[in-house]
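In what follows, a single structure is set out as structure tokens and then discussed.
Numbering (this note's numbering), first residue to last: 1 to 247.
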């Protein structure tokens with residue numbers, strides 16, 4: 001069970017949004033690379049990064065900040081937000097990313113995702129962001145008619161390394177993970193699923209240690225880490241004690 005600390009990038013800074021609203025951003029660190037270094041020092045072994053501006057623009061906007069993060073951390077980094085072409089994917093992987101997250105393009109051009117999985121084996125994740133069970137795209141600005149499970153099943157057998165499932169209605173508001181929909185999605189596909197949106201407390205960390213949550217690859221935490229609601233060392237120790245391996 002991997003606990004992924006999140007760095008969301010807006011205008012070159014490390015922020016957290018409330019319900020995906022770009023106007024409701026709280027700046028937590030003006031230097032994202034410093035934040036990445038801190039997370040590594042705290043014992044985290046992965047890093048989840050999102051280019052928020054890029055998700056809306058459809059192309060990389062905070063590239064310099066991402067490169068600065070890659071320069072200071074030895075942890076594997078997964079990045080999403082505005083990555084829409086094979087050239088974008090190859091460029092970022094060559095820069096040192098462990099994994100690229102494809103969201104909007106997974107809805108718009110699923111064949112591109114399948115081709116990326118073929119070309120870059122084990123390094124492509126799909127981001128499924130849903131509101132009311134329906135997938136949202138373009139930085140959550142547009143709703144689609146696709147259900148989250150339906151989209152996930154389109155990539156069964158394609159070689160997707162992981163699905164990152166975000167319940168938009170819980171993102172950034174510390175409401176707790178939507179366990180019902182997250183576990184249902186994980187049970188519906190063979191692709192590893194990472195829970196995102198709402199992780200709020202040490203009680204949520206404890207919930208990740210329960211047997212039914214073992215279907216998940218891990219969970220992403222943002223605001224709760226920044227606000228001190230989750231203690232990094234205690235959380236990692238709790239997950240390590242259950243898994244018996246790195247978190």
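Yeah, the Cβ is synthetic: ideal placement off N, Cα and C, and Gly gets one too.
Three or more C-beta pairs under 8 Å: does that hold for the region 116-124 against the region 143-154? No, the region 116-124 does not touch the region 143-154.
Among residues of its own chain, excluding the 5 on either side of residue 113, which ones have a beta-carbon nearer than 8 Å to its beta-carbon? Hits under 8 Å: 102, 105, 106, 124, 126, 155, 158 and 160.
What residue does the alpha helix (DSSP H) around residue 72 start on, and which one ends it? Its alpha helix (DSSP H) spans residues 63-72.
Which of the three DSSP states is assigned to residue 125 in this structure? Reduced to three states, the DSSP call for residue 125 is strand.
Span separating the alpha-carbon of residue 222 from that of residue 7: Near 7 Å, if we compare the C-alpha coordinates of residue 7 and residue 222.
Among 35, 16, 33 and 34, which has the Cα closest to the Cα of residue 26? Nearest of 35, 16, 33 and 34 to residue 26, Cα basis: 16.
Using only the alpha-carbon positions, how far apart do residue 205 and residue 62 sit? Rounded to whole angstroms, residue 205 to residue 62 spans 30 Å at the Cα level.
Starting from the Cα of residue 55, find the closest Cα among 34, 28, 38 and 83 and give me that residue. For residue 55, the nearest C-alpha among the options comes from 83.
Going by DSSP in three states, residue 168 sits in which element: helix, strand or coil? Looking at residue 168 - three-state DSSP - the assignment turns out to be helix.
What is the C-beta distance between residue 23 and residue 73, in whole angstroms, given that I count them as a contact (C-beta under 8 Å)? About 30 Å separates the two Cβ atoms, so there is no contact after all.
Which runs of the alpha helix (DSSP H) fall wholly inside the region 30-118 and span at least 4 residues, in chain order? Within the region 30-118, the complete alpha helix (DSSP H) runs of at least 4 residues are 32-41, 52-57, 63-72, 86-94 and 104-108.
For the alpha helix (DSSP H) holding residue 181, just list the boundary residues, first then last. Here the alpha helix (DSSP H) through residue 181 covers 179-188.
For my contact list, residue 134 and residue 147 are in at a C-beta cut-off of 8 Å; report their separation, rounded to the angstrom. Sure, about 6 Å apart at Cβ, within 8 Å.
Rounded separation between residue 219 and residue 43 - CA only: Between the alpha carbons of residue 219 and residue 43 lies a gap of roughly 15 Å.
Rounded separation between residue 129 and residue 163 - CA only: Their backbone Cα atoms lie some 10 Å apart in a straight line.
Rounded separation between residue 59 and residue 81 - CA only: Approximately 8 Å between the Cα atoms of the pair.
Quick test of the definition: if touching needs 3 or more C-beta pairs under 8 Å, does the region 186-196 touch the region 224-234? Under the Cβ criterion (8 Å, minimum of three pairs), the region 186-196 does not count as touching the region 224-234.
Cβ of residue 32 within 7 Å of Cβ of residue 69? Yes, Cβ-Cβ distance for residue 32 and residue 69 is below 7 Å.
Residue burial classification, residue 210 (beta-carbon count within 10 angstroms, cutoff 16): Classification of residue 210: exposed, given that the 10 Å Cβ count is below 16.
What is the C-beta distance between residue 216 and residue 186, in whole angstroms, given that I count them as a contact (C-beta under 8 Å)? Correct: roughly 6 Å between the Cβ atoms.
So, does the CB of residue 63 fall closer than 7 Å to a CB anywhere in chain B? The question asks about chain B, but that chain is absent: this structure has only one protein chain.
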